[in-house]
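Participant:
Number of protein chains: 2
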Amino acid sequence: MDASHCGVLATTGIVGDQWSLLILRDAMLGVRRFDQYQRHLGVSRTVLADRLGKLVAAGILTREEYQEQGERPRWEYRLTRKGWGLQNVLLALREWGNRYLVSEDERLLELVQASTGEPVELALVRSSDGVRIDPRDLDHRPGPGLRP
Amino acid sequence: MDASHCGVLATTGIVGDQWSLLILRDAMLGVRRFDQYQRHLGVSRTVLADRLGKLVAAGILTREEYQEQGERPRWEYRLTRKGWGLQNVLLALREWGNRYLVSEDERLLELVQASTGEPVELALVRSSDGVRIDPRDLDHRPGPGLRP
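Going down the list, the sequences are from chains E and R.
Position in the first sequence (first residue = 1) + 461 = my numbering.
Position in the second sequence (first residue = 1) + 461 = my numbering.
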């Protein structure tokens with residue numbers, strides 16, 4: 462089975478490693494700048510630059526220059542529409558981790574529907590059923606691990 | 462952020478590599494035996510044994526002995542309930558790959574609701590909404606890439 466036939470093989474050929482998946486997690490939580498990723502992930506600058514470059518080449522992130530006063534220009538990275546398309550992958554990884562590996566009172570963030578405050582989750586539905594939540598209607602709230 | 466707090470970090474620490482994800486894909490499609498995985502994935506026996514061992518240690522696969530007449534005992538590997546819990550991860554990887562990387566007429570398999578034949582997909586829903594499809598009510602049918 463080659464990548465031209467199998468969506469799993471094709472996708473994991475691009476994001477099938479832990480650093481890329483963690484970069485995507487951070488990007489979805491609002492991280493933009495190289496140094497923020499580096500600090501947050503504790504990854505070497507070489508590995509980070511390599512993975513960011515691959516995600517840009519794959520059209521998952523876009524790179525834009527910014528410049529703070531008195532400093533040299535630097536890069537920030539944002540998810541494209543195609544990159545946001547990977548949100549379900551990250552949500553599924555998180556749901557499984559929360560179910561089997563992270564105790565409930567350690568969770569830092571909970572995903573809710575912004576307009577109702579109700580918890581949301583991934584489900585398998587008929588493509589013709591129109592029950593999905595508008596991605597713009599999502600919000601994070603602090604989980605038990607962030608509460609005093 | 463450490464793995465005791467983050468479901469994504471914890472999960473990708475176990476299945477965050479391409480071979481593990483492809484093993485899970487195959488297991489969900491019914492592959493059981495070491496030699497089947499090896500042939501199907503084209504992976505070295507050493508790497509395969511390493512990944513299978515890690516998935517067994519994590520409680521994602523169970524290992525059982527079987528013996529063909531006149532041959533030495535061998536191992537087969539099946540998904541546990543915990544392992545089947547990763548199905549949404551694989552479905553999300555596939556959906557994204559099918560949307561962005563695999564042309565429609567190359568797809569080998571389509572996931573449908575067995576009782577209706579209707580295509581199914583992942584969606585983000587309110588946890589309180591009861592619209593999800595029973596996992597026992599899923600079936601694959603040949604996609605365009607397998608049709609004559």
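Cβ coordinates follow ideal geometry from the N, Cα and C atoms, glycine included.
1. Mind reading off the beta-carbon distance from E:P605 to E:E565? Whole number of angstroms is fine, and I expect it under 8 Å.
2. Would you report the Cα separation of E:V576 and E:L552, rounded to the nearest angstrom?
3. Contact criterion: CB-CB distance below 9 Å. Does R:R539 meet it with respect to chain E?
4. Within 9 Å (strictly less), CB to CB, does R:Y561 reach chain E?
5. Using a Cβ-Cβ cut-off of less than 8 Å, give me the residues of the segment 580-606 of chain R that come near chain E, in sequence order.
6. Reducing DSSP to helix, strand and coil, say where E:V508 ends up.
7. Whose C-alpha, out of R:H466, R:W557, R:L540, R:Y538, is nearest the C-alpha of E:L547?
8. Sort R:R500, R:I475, R:L522, R:L485 by Cα distance to E:V469 and report the nearest one.
9. Name, going along the chain, the residues of the segment 481-503 of chain R whose beta-carbon falls closer than 8 Å to a beta-carbon of chain E.
10. Using 9 Å as the limit for Cβ to Cβ distance, is R:D511 near chain E?
11. For R:R573, list the residues DSSP reports as bridge partners.
12. If you draw a straight line from the C-alpha of R:Y561 to the C-alpha of E:E525, how long is it?
13. Could you list which residues in chain E have their beta carbon closer than 7 Å to that of R:W545, in chain order?
14. If you count every other CB in all the chains shown that lies within 10 Å of the CB of E:R568, and 16 or more means buried, which is it?
15. Rank E:S589, E:D590, E:S588, E:E571 by C-alpha distance to the C-alpha of E:E582 and give the top, closest one.
Facilitator: So, from the data block:
1. 6 Å
2. Strictly speaking, residue 576 of chain E in this sequence is Ser, with Val absent from that position. Spanning the two alpha carbons is a distance of roughly 19 Å.
3. no
4. yes
5. P580, V581, E582, L583, A584, L585, V586, R587, S588, S589, D590, V592, R593, I594, P596, L599, G606
6. helix
7. R:W557
8. R:L485
9. L482, L483, R486, H501
10. no
11. It should be pointed out that residue 573 of chain R corresponds to Val in this sequence rather than to Arg. According to DSSP, R:V573 bridges with R:P580, R:D600.
12. 23 Å
13. Simply none; closest approach about 10 Å.
14. buried
15. E:E571
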